[in-house]
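Below is one structure; the comments refer to it alone.
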Amino acid sequence: MSLATQPNASSGAPELIDLPVPVAVGSPAPALPGSPVPPAHRIYFYSPDEWEVFITEWATGVAISYRQIKQLGGSGDRGVDVAAFKTDRGLEDAWDCFQAKHYDGSLTLSDAFPEMLKIFHGVVDAFYSLPDRYVFVAPRGCGPTLNRLLSKPTELRRKFLELLDAGGTATRLYDEQALRSIRELAETSDFSVFQSLELNEMLDIHRKTPYYADRFGTSLPERPPVGPTPEAPAPNEATYVKKLVDVYHEQDPASCSDTDSVAAHATYGAHLQRQREAFYSAEALRLYARDSVPDGTFELLQDDVYTGVVDTAEVHHSSGLDRLRAVLTQSGQLDLGAHRLISVSKLQDRQGICHQLANADQLTWVTDDA
1 MSLATQPNAS SGAPELIDLP VPVAVGSPAP ALPGSPVPPA HRIYFYSPDE
51 WEVFITEWAT GVAISYRQIK QLGGSGDRGV DVAAFKTDRG LEDAWDCFQA
101 KHYDGSLTLS DAFPEMLKIF HGVVDAFYSL PDRYVFVAPR GCGPTLNRLL
151 SKPTELRRKF LELLDAGGTA TRLYDEQALR SIRELAETSD FSVFQSLELN
201 EMLDIHRKTP YYADRFGTSL PERPPVGPTP EAPAPNEATY VKKLVDVYHE
251 QDPASCSDTD SVAAHATYGA HLQRQREAFY SAEALRLYAR DSVPDGTFEL
301 LQDDVYTGVV DTAEVHHSSG LDRLRAVLTQ SGQLDLGAHR LISVSKLQDR
351 QGICHQLANA DQLTWVTDDA
């Protein structure tokens with residue numbers, strides 16, 4: 001399975017685009033009674049596959065600007081569970097390798113040695129270039145001996161070559177020519193590429209990603225205040241604003257012919273301003289969701305708002321203004337409590353979502369029958 005990402009234009013961080021687990025697919029799991037289970041304890045019970053997914057989520061939050069992150073673990077993975085690419089050339093250029101090991105205990109040198117063999121063999125076999133970092137990632141970390149060796153690259157190389165020459169079980173998977181090539185490469189390689197991560201370090205970074213609150217059932221981060229609404233409508237407002245102008249023109253054709261005339265209208269100017277403020281509030285919620293919850297979470301909320309108001313929009317109304325008011329009122333009465341974003345949203349956001357839907361031509365106020 002390939003789980004790719006692409007850079008986020010606003011933050012520079014890679015954004016997961018085809019990772020199935022963290023993408024919102026419905027209501028979050030209900031909270032269980034009793035004391036909250038700490039994230040680290042939850043992780044101890046993950047399956048190996050779920051652990052790899054967690055690592056891909058974590059990797060989107062690291063300071064390195066990865067171009068793409070892929071989950072490659074499985075049969076024939078050549079020792080690569082999660083690969084983080086720094087250029088568009090993937091495994092052929094600069095990249096980091098994260099080796100996922102979800103064991104009941106700490107990793108030992110006997111766990112690490114076969115994996116190090118695989119990575120060197122992959123390089124001599126021209127399957128990929130040597131990664132900039134090869135990181136062992138295990139929930140319970142590395143044992144004291146392996147941790148000490150990872151902290152002393154020269155000693156780690158010496159120990160690796162010693163085990164290679166000893167001809168143990170792990171080396172029997174390779175022929176003599178491959179072992180000679182592996183030794184030659186290891187002798188000239190900087191073993192500081194081999195590293196490990198502690199779970200608490202990973203959780204500190206994962207906490208800043210859009211996946212943390214959804215994965216561990218915590219409260220969403222505080223939502224920033226909504227900024228001021230621009231004085232004049234921006235190009236991306238054109239469709240829904242035009243539909244609002246149609247509403248006001250229907251009510252007062254002589255005074256409401258365009259946006260400027262509506263803005264100056266004694267009655268409808270203030271109404272238009274409120275609708276635009278609602279639109280910008282919903283836009284702020286959309287941007288907040290992009291950085292705070294899995295992909296698709298906001299869109300699920302939009303879909304349910306549409307489902308909840310479309311019947312109201314489609315029945316007969318005496319005017320476009322009546323239809324608009326009925327839909328906005330209905331949006332406030334919808335039961336959206338199952339949605340993750342409701343805890344940080346307000347009534348104005350629901351009304352703004354109606355205008356987002358109008359902007360996408362899913363809702364229209366002035367129709368042939370009104």
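Numbering (my numbering), first residue to last: 1 to 370.
The beta carbon of each residue, even a glycine, is placed where N, CA and C say it ideally should be.
These numbers come from a predicted model, not from an experiment.
Suppose you measure from the CA of A238 to the CA of P139; what does that come to, to the nearest Å? Residue mapping note: residue 238 aligns to position 238 of the sequence shown, counting from 1. Residue mapping note: residue 139 aligns to position 139 of the sequence shown, counting from 1. About 51 Å.
Taking only the alpha-carbon atoms, compute the straight-line gap between G26 and T307 and give it to the nearest angstrom. Within the sequence shown, numbered from 1, the residue matching residue 26 stands at position 26. Within the sequence shown, numbered from 1, the residue matching residue 307 stands at position 307. Only weak support is given to the placement of G26: the predicted model assigns it a pLDDT of 44, under 50, and the value that follows is read from those uncertain coordinates. About 15 Å.
Is it buried or exposed for Q177, if we count other Cβ within 10 angstroms and need 16 for buried? Taking the first residue of the sequence shown as 1, we reach residue 177 at position 177. Counting every other CB atom within 10 Å of its CB across the protein chains shown gives Q177 a total below 16, marking it as exposed.
DSSP beta-bridge partners of F194: The residue given as residue 194 occupies position 194 in the sequence shown. According to DSSP, which records beta bridges pairwise, F194 is partnered with Y134.
If you measure between the beta carbons of L109 and T154, is that distance less than 8 Å? Numbered from 1 along the sequence shown, position 109 holds the residue referred to as residue 109. Numbered from 1 along the sequence shown, position 154 holds the residue referred to as residue 154. No, the Cβ-Cβ distance between L109 and T154 is not below 8 Å.
Decide yes or no for the touch test of the stretch 80 to 99 against the stretch 315 to 335: beta carbon pairs closer than 8 Å, at least 3 of them. Because the criterion of three Cβ pairs below 8 Å is not met, the stretch 80 to 99 and the stretch 315 to 335 do not touch.
Is it the case that the Cβ atoms of I119 and G79 are separated by a distance below 8 Å? Taking the sequence shown and counting its residues from 1, one reaches residue 119 at position 119. Taking the sequence shown and counting its residues from 1, one reaches residue 79 at position 79. Yes, they are a contact pair.
When DSSP labels each residue in this structure, what does Q99 get in the three-state scheme? Along the sequence shown, one-based indexing puts residue 99 at 99. Here Q99 sits in strand by DSSP.
Rounding to the nearest angstrom, what Cα-Cα distance links K208 and S257 in this structure? As a position in the sequence shown, residue 208 is number 208, starting the count at 1. As a position in the sequence shown, residue 257 is number 257, starting the count at 1. Roughly 48 Å separates the two Cα atoms.
To which residues of the same chain is L156 closer than 8 Å at the C-beta, ignoring the five residues directly before and after it? By one-based count along the sequence shown, residue 156 stands at place 156. Take L156, set aside five residues on each side of it, and the residues of its chain with a beta-carbon closer than 8 Å to its own are L149, L150, F191 and F194, in chain order.
Could you spell out the range, first to last residue, of the alpha helix (DSSP H) harbouring V310? Here residue 310 refers to the residue found at position 310 of the sequence shown. Unbroken alpha helix (DSSP H) run through V310: T297 to E314.
Express the C-alpha separation of F54 and L197 in angstroms, rounding to a whole number. Taking the first residue of the sequence shown as 1, we reach residue 197 at position 197. Taking the first residue of the sequence shown as 1, we reach residue 54 at position 54. The straight-line gap from Cα to Cα measures roughly 13 Å.
Tell me the residue span of the beta strand (DSSP E) that contains A84. Sequence index remark: in the sequence shown, residue 84 carries index 84 (1-based). First-last of the beta strand (DSSP E) with A84: V82 to F85.
Identify, in the order they occur along the chain, each residue of the same chain with its Cβ nearer than 6 Å to the Cβ of Q348, setting aside the five sequence neighbours on each side. Locating residue 348 in the sequence shown gives position 348, counting from the first residue. Closer than 6 Å at Cβ, skipping near neighbours: A278 and S281.
How would you write the range of the beta strand (DSSP E) that Q251 sits in, first residue to last? Start at 1 with the first residue of the sequence shown, and residue 251 comes out as number 251. Where Q251 is concerned, there is no enclosing beta strand (DSSP E), although the alpha helix (DSSP H) around it starts and stops at A238 to Q251.
Sequence-distant residues of its chain with Cβ nearer than 6 Å to L91 (five each side left out): Here residue 91 refers to the residue found at position 91 of the sequence shown. Excluding residues within five positions, the ones whose Cβ falls inside 6 Å are Y128.
Cβ-based neighbour list, W58, same chain, cut-off 8 Å, excluding 5 preceding and 5 following: As a first step, residue 58 must be located in the sequence shown, where it is residue number 58. Taken in chain order, the residues that qualify are M202, I205, H206 and T209.
Distance check for N200 and A40, CA to CA, integer angstroms please. By one-based count along the sequence shown, residue 40 stands at place 40. By one-based count along the sequence shown, residue 200 stands at place 200. One C-alpha to the other measures close to 8 Å.
Using only alpha-carbon positions, find the residue among S343, R223, P224 and G217 that is nearest to L301. As a working mapping, residue 301 is identified with position 301 in the sequence shown. For L301, the nearest C-alpha among the options comes from S343.
Rank H271, A289, E231 and G167 by C-alpha distance to the C-alpha of E222 and give the top, closest one. Here residue 222 refers to the residue found at position 222 when the sequence shown is read from its first residue. Closest in C-alpha terms to E222, from the list H271, A289, E231 and G167, comes A289.
Can you give me the Cβ contacts of N359 inside the same chain, cut-off strictly under 6 Å, excluding the 5 residues immediately before and after it? Position 359 of the sequence shown, counted from the start, is the residue given in the question as residue 359. So the qualifying residues of the chain are T239 and Y240.
Closest to L220 by C-alpha separation, out of T297, N147 and R158, would be which residue? Position 220 of the sequence shown, counted from the first residue, corresponds to residue 220. Checked all of T297, N147 and R158; the closest Cα to L220 is T297.
Between the CA atoms of D132 and M116 - distance to the nearest angstrom: Here residue 116 is taken as the residue at index 116 of the sequence shown, counted from 1. Here residue 132 is taken as the residue at index 132 of the sequence shown, counted from 1. One C-alpha to the other measures close to 14 Å.
R158 versus G143, V137, A170 and S189, residue with shortest Cα-Cα distance: The residue given as residue 158 occupies position 158 in the sequence shown. Ranking the options by Cα distance to R158, first place goes to S189.
Own chain, CB closer than 8 Å to I182, minus 5 neighbours either side, in chain order: Taking the sequence shown and counting its residues from 1, one reaches residue 182 at position 182. In chain order, L117, F120, H121, V124, L164 and Y174 place their CB closer than 8 Å to the CB of I182, counting only its own chain and leaving out the 5 sequence neighbours on each side.
What's the gap between the Cα of L244 and the Cα of G337? In the sequence shown, the residue the question calls residue 244 occupies position 244. In the sequence shown, the residue the question calls residue 337 occupies position 337. For L244 and G337, the distance between alpha carbons rounds to 29 Å.
By Cβ distance below 8 Å, which residues in the same chain neighbour P233 in space, the five residues on each side in sequence not counted? Translated into the one-based positions of the sequence shown, residue 233 becomes position 233. Excluding sequence neighbours, P233 sits near V241, T259 and R276.
Does DSSP classify K346 as helix, strand or coil? As a first step, residue 346 is located in the sequence shown; it is residue number 346 there, counting from the start. For K346, the three-state secondary structure derived from DSSP is coil.
Could you tell me the distance, in whole angstroms, from the CA atom of I353 to the CA atom of V309? The residue labelled residue 353 in the question sits at position 353 within the sequence shown. The residue labelled residue 309 in the question sits at position 309 within the sequence shown. When rounded, the distance between both Cα atoms is 11 Å.
With respect to the alpha helix (DSSP H) encompassing K159, which residues constitute its N-terminal and C-terminal limits? Within the sequence shown, the letter at position 159 stands for residue 159. In the DSSP annotation of this structure, the continuous segment of the alpha helix (DSSP H) that includes K159 starts and ends at P153 to A166.
May I have the straight-line CA-CA distance separating T229 from R89, to the nearest angstrom? For this step, residue 229 is matched to residue 229 along the sequence shown. For this step, residue 89 is matched to residue 89 along the sequence shown. So the two alpha carbons sit approximately 42 Å from each other.
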